[in-house]
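Numbering (our numbering), first residue to last: 126 to 208.
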């Protein structure tokens with residue numbers, strides 16, 4: 126994950142539609158000028174001003190979803206069996 130330098134860079138990524146995280150488990154997303162935090166099944170929204178006040182000192186990372194494909198399972202799933 127790419128470490129973001131400060132809260133302004135985090136806001137910049139959020140405005141572009143990217144997802145950021147503080148610890149790899151929580152997610153921050155911007156929708157309609159509000160920032161939503163998703164963590165362990167809970168979600169709450171904040172105004173941009175409140176987000177900056179609460180999380181100004183936090184370290185953020187650009188969230189990168191990694192998809193790992195098990196090719197042996199993939200092959201078995203897509204294999205065609207003739208009857």
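Glycine included, each C-beta is placed from N, C-alpha and C at the ideal position.
Practice item. Count the other CB atoms, across all protein chains shown, that sit within 10 Å of the CB of residue 138; report buried if there are 16 or more and exposed otherwise. Key: buried
**Study point:** Collapsed DSSP secondary structure at residue 144 in the structure displayed
**Key:** Three-state result, residue 144: coil.
**Study point:** Endpoints, the alpha helix (DSSP H) within which residue 180 is located
**Key:** 173-180
Exercise for review: Please go through the same chain and pick out, in chain order, the residues whose beta-carbon is closer than 8 Å to the beta-carbon of residue 140, but skip the five residues on each side of it.
Suggested key: 155
**Study point:** Paired residues, beta bridge with residue 167 - DSSP
**Key:** 164
**Study point:** Through-space distance from residue 150 to residue 131, alpha-carbon basis
**Key:** 19 Å
Review point. According to DSSP, which residues form a beta bridge with residue 186?
Key: 128 and 146
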